[in-house]
Structure formats: C-alpha cells, structure tokens
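Working notes, beginning with the structure itself.
Protein chains in written order, with our numbering: chain C, 1 to 344; chain U, 1001 to 1344.
The structure is reproduced here in structure tokens:
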C-alpha cells in the first residue's frame, strides 16, 4: 500500500472531486447546520454508528442491503433532535434545484443526516419556530468548494470536555486518481488534547502545522484521571462527534459501509475517551465516483487508512480553528496568550 | 468519572474477579488456542465485529436481542477456519466438567469463539487430523489466574506487519468494586510500533514500563508511507486481532454489546492501520458478575474507557513479550541487541 502525505490544495473534504460544503449558523442560538453535496452526481453512501446515543434521519436506507443506491446530500446539524429538521430544509432546497430521485413525474431528494447536542452551550434557545429547516436551506445555498472551519455550521456551538469544539476538515491525495477527505463536527464527551496541555491526541498524524505543530505529548500514563464534559452537572448528555469521510474513487455501497464503520478509528485516535454511551458518534462515507463499481482490495485498504487519518486531522483542526464568543462556557485552543491557558 | 492508573496484582485479565485463562500451543505448528472461563458462574457476554474478514462461531447468540443470556467460555484460536474446532474441544471439556446450560437431563456449554489467520507463518502444517479440538481441550485444562504472555495460546504464531505478534493482557482497578481487563491475540495487517522505531503506538497509555517504557514517538507525520503485512506476496490475508475485554461489574447484555463495539478504539490506538478489510478484528465483552443488572451510566462510562485503555496496553504487551523461534519470518520486539533492530 503506497501513500503520500500530501493534502489536497484546500486541505478540505472538497478536494475530493465534486464535493461542495455549505455552512449556516446563528451566532445567538450558537448552533448551525453543515450540508455536503456533490456538484454533479448523486453519491454512493453508507454510515456506521458506534456511539451510544445517536440522533439520525434516513440512515436505514444507507444499509447495504437496502435498495436506495445513491443519495443527494448529507446534513450535519446542531440542535439535538430539533436539528433533524435541517434535512427538511435541504430536501426542499434540493427539490427546487431539480435534484432528487426521479419517480414518474416527481422526484425525491435523499438526504440522510445526523445531529449533535448543543442546546446547553449558553446560546439563546427560546425560539417558537424550529430554526433548523431554514438554516439547512441557507447552508445549501452557500455550498462551495471553499468553506471556513472552526465555529461554523454544525460546529458553531460545539464543545468538547475542556475546549470549545467546532467544524474541521482535512484531505489527502493518495494518488493521481484518488483523493480522500474528512469533515467533522466535534462536540465530544472526551478531550482532544492531553491532560493540562495543548498537545492534540492526533499530533502523530499532523501534516506540517495544520493544527499548530506542537507535536505529540511526550508523556506516558495519559488517559487516566481525565476530564469528561460536565457543562451542566445535571446533564452530561451534551455530546457527539458527527463526521463524513469521502473519496472520489469508485466503491460499492457495502464497501462504503465498511469504510464508515472502521473510520471511527480516526475518532478513537483523536478523542479520549471516545464513543461514550452518551456520545452519538456516527461516520458517513460517500463516494463521488459516478459508478458504483467495487474498489480493488488495494484501493480499499488505502481508502480505509487514508480516510481514518483525515478524520483524526479534521477533528484536531476543528478545535484548532474554533473562534471565541462572549457567552462561551469553555476556552478556545488558539487563545492569544498561551500562558493564560489553563484547562483541567 | 474518576479513575485510577493502577493495574490489578497480575496486570492480566484474570484480575477481573472469577476469570481464568488457559493456553495451549504447538511449537512446530506455530499455532495455538486460548480459552477464557469464569471459575464459578456463567458470564454475560456480547461482541462487536469491525474487521472486514472475521472468522467466528456462536456470535449470533451474543446479539442483545437473542435469548441466550449467559455463556460458559470464549475461545481465541489460531488456524483460520480450522481453528474454530477449538470451540468443539472446549465444549467437550466443559461438558465433562458438568458445565453448560441445563435443558432437562442434558446440558450444553455455550462457547463463542474467533480465529486469526496464522497458516503461512513458517509453521508445520501437514496435519491429517485437525489439531485444534485437542488444543482447545488442553487449553481448558490449564485454565488459571496465572498465564504467560507473548508466544502463547492463540498468539503463538501471530505476526504483525513488521514484528512478531503474540498474546497480551492488561488490567486496571477502577475502584474497590470494579476491575476491568483485556486479553488480545495480535496478528494485525498493521504495525504496533511507529515507522523504523520501537515506540509503541500505545505508548501514551503505558503504565510504568509494562511494555518497555520507551515513551511515545516524538515525531509527527506518522502513519503515511507505512508498511502493511505482506508475508507472502500472493496472499496478504494473514491477519486479525481477536480480543476479550472484561469487568466484574454488573452489566446487561446490551451494554456488553456497546462496550465490545467501542472497545475497538483500543485496537485503533495501538495498531496502525487497524480494522483493514483483510483483518477480522473482533472484540468480545464479558461481565463475570452473577447478576445481569444494568450498569449505572457512570459505571458504564468508566468501563468503556477503562477496557479500551486495557486493550491498547494488552496489544503492546503481546508484541513486547513475544519470544523468538528459529523459523520466524519477522523479528521480535525485545531482541538482545537493539542496534541490530531494523524493520521497515
């Protein structure tokens, strides 16, 4: 298995041929929506759910034995179960654009999605009309190969155990014909940095200084006596990392299921602890290739490992890029004065 | 969530109340069997399969919706599909001991198991009678709270990408009432040490010098241009990490399923790449507690994280303890002269 360590030109999931990402967020609400579409084709897709407390929509049809073979978009949203309405907004927007699975004289966009819990992050929450459908439509309108990381989209109000969370992305060019990438909204029970330090768990996999370049923590015996999120003592269920991994190589839906499931290794290496009973950790996998021909064994090995590395890097970049907000409950990683930096 | 960083007195899975482990191996065959039983009770158990190429027996009954609530033993074996016969030997041995699920005047031991592929490791392989049933019976006879690590049992003929594999174990005392542990036979596609170095991927989690004390590799950009196992160029499918995680705390079968599934994070953090399409990576989770009462939310969080840490450490210890054999295709980690140490 040969590998480069070269990110694509944007170091974003949109380096994968055809992918566009749109974000919309409400800074008062401290929540938002991220949507991923392919500019030309529908996508082959599946998903793997390993967290104990998932919130999802249209994930049954992603199972390999189900008939639906291609999807139109994937939505990542804040807002807990309310955020699932973001899929409705994206579905309506795609319909207006003439996208969707054609059946007779009508068409139905297929829009799986997953949410994270950001309701208790200090944002304004007294809405009368569920805002997520509108945020979904807005996110779709901004879909582009360029998008910002950090406190954007589904990561706008995200928190980890010790630091502000966010939206992250990364890519890797495996060879001329194959790029992989990852997109993650990080709101985990666990930490993304080592205890009392700013070293990312994902540091061994960092390319250049894409998330600060501090390198790995040299200590051992890490991971014991650690901190998990307890923003509100009565409610620790404010969690979940939701992610997409992608490639422009051809793969079958069953292969996408394998990649989505095992790409959770990228979460495991970047967040400690990961996959807690109160995380709803889910990874979607998409292929933008127009055919659904199976990947070769060699390609599949490379895609599995490449997407997994991208996901770890995307998670670290989410936290690295987060921007402070006056009502934040936790500090951002990239504060002005590192000497002031204190977290448990 | 509070945590100690204290292993149990043996730093083995048998620090979990009631557990016994037995090994049997054939040094010519370069293969063997490991069996885990509880000295008094049956066990609550489930499993999670994340690898692409599993070899298993009696794993359907471990799914939470299936009726069988307790099991008698778990078998880890070399021998690829032939090794599944080890379960037959253990089943026969348990029957002789009067163990098993009683139905009228008979009883049936419930013995799930999983195998790894060690057929092309240089061992003698021209047997006429499948040897694994006998190895299973022998392993059961040796079951004890004390057992050796390294080239023992199911790890006897194991190989990783660059170093000899083996059988490993580790434990962690979470509090007076709760110990967790892990047992792993490591035969992975991927590496357990960083490229060209002896630093274990699992080093951040090492307690004391339980696997050499070298600490983490200080480099970044690791994981690219790496080596995967290619013992025989025509056949890379010589793989799989099979493991058990355990606790003496009470848990439901559904909770055991969650723990087994997400404890794969322990594989992800100790092996790179992990969960390849040609790995059959599987983790069993057992509770030795006589009741099947659900664990509290706090306990479950601690068990998930604790077992995951133990599994990473058990994987590193497997390779650290492996012993050389004249027909080995790969070096052991712990060679006499580190200057001679060379691997890709």
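For each residue, glycine too, the CB sits at the ideal point set by N, CA and C.
The continuous beta strand (DSSP E) containing residue 25 (chain C) extends over residues 19-26.
Exposed is the label assigned to residue 1127 (chain U), since fewer than 16 other Cβ atoms lie within 10 Å of its Cβ. Rounded to whole angstroms, the separation of the alpha carbons of residue 1042 (chain U) and residue 108 (chain C) is 51 angstroms. Contact annotation: residue 158 (chain C) and residue 186 (chain C) have beta-carbon atoms nearer than 8 angstroms.
Of U:1218, U:1202, U:1286, the smallest CA-CA separation from residue 222 (chain C) is found for U:1202.
Counting along the chain, residue 49 (chain C) sits inside the beta strand (DSSP E) bounded by residues 44-49. For the pair of segments examined, the stretch 112-124 of chain C was found to touch the stretch 69-86 of chain C: the number of CB pairs separated by less than 8 angstroms reaches three.
The residue from C:37, C:134, C:70 with its alpha-carbon nearest to that of residue 256 (chain C) is C:70.
Look at the stretch 262-281 of chain C: the residues with a C-beta under 7 angstroms from a C-beta of chain U are 262, 265, 268, 269, 273, 274, 275, 276, 277. DSSP places residue 1157 (chain U) outside any alpha helix (DSSP H), giving it a letter other than H or E.
In the three-state reduction of the DSSP assignment, residue 34 (chain C) falls in the strand class, which pools E and B. Around residue 261 (chain C), the same chain offers 48 as residues with beta carbons nearer than 6 angstroms, after the five sequence neighbours per side are excluded. Residue-level contact check: residue 5 (chain C) touches chain U, since one or more beta carbons of chain U fall below 8 angstroms from its beta carbon. Excluding its 5 nearest sequence neighbours in each direction, residue 271 (chain C) has C-beta neighbours in its own chain below 8 angstroms: 160, 186, 188, 190, 191, 192, 201, 241, 315, listed in chain order. No residue range can be given for residue 1071 (chain U), since it is assigned to no beta strand (DSSP E) and is classified by DSSP as neither H nor E.
The alpha-carbon of residue 1276 (chain U) is positioned some 31 angstroms away from that of residue 1299 (chain U).
For the pair residue 54 (chain C) and residue 279 (chain C), the Cα-to-Cα distance works out to about 7 angstroms. Residue-level contact by beta carbon fails for residue 1147 (chain U) and chain C, as no gap is shorter than 8 angstroms. Listed along chain C are 220, each with a C-beta nearer than 8 angstroms to that of residue 1203 (chain U). Residues of chain U with a Cβ closer than 9 angstroms to the Cβ of residue 108 (chain C) do not exist, since the nearest Cβ in that chain sits about 31 angstroms away. By the CB criterion at 8 angstroms, residue 149 (chain C) and residue 310 (chain C) fall outside the cutoff.
Within the same chain, and ignoring the five residues on either side of residue 286 (chain C) in sequence, the residues whose Cβ sits closer than 6 angstroms to its Cβ are 43, 45, 246. For residue 207 (chain C), a Cβ of chain U is located within less than 8 angstroms of the residue's own Cβ. Residue 151 (chain C) and residue 211 (chain C) have their C-alpha atoms spaced approximately 15 angstroms apart. Residue 57 (chain C) sits in a strand when the DSSP states are folded into three classes. Only buried fits residue 1089 (chain U), as 16 or more other CB atoms lie within 10 angstroms of its CB. Sequence-distant Cβ neighbours of residue 99 (chain C) in its own chain, meaning closer than 7 angstroms and more than five residues away, are 72, 109. Counting only Cβ-Cβ distances below 8 angstroms, residue 304 (chain C) has contacts in chain U at 1273, 1275, 1276, 1277, in chain order.
Our two residues, residue 64 (chain C) and residue 254 (chain C), have alpha carbons roughly 5 angstroms apart in a direct line.
When CB distances to chain C are screened at a threshold of 8 angstroms, the residues of the stretch 1308-1330 of chain U falling below it are 1308, 1309, in chain order. Just measuring C-alpha positions, the residue of C:292, C:139, C:181 sitting nearest residue 12 (chain C) is C:181.
Rounded to whole angstroms, the gap between the alpha carbons of residue 1204 (chain U) and residue 268 (chain C) is 13 angstroms.
In this structure, the straight-line span from the alpha carbon of residue 306 (chain C) to that of residue 1051 (chain U) is close to 16 angstroms. The beta strand (DSSP E) runs lying completely inside the stretch 179-253 of chain C and spanning 3 residues or more are 241-247, given in chain order.
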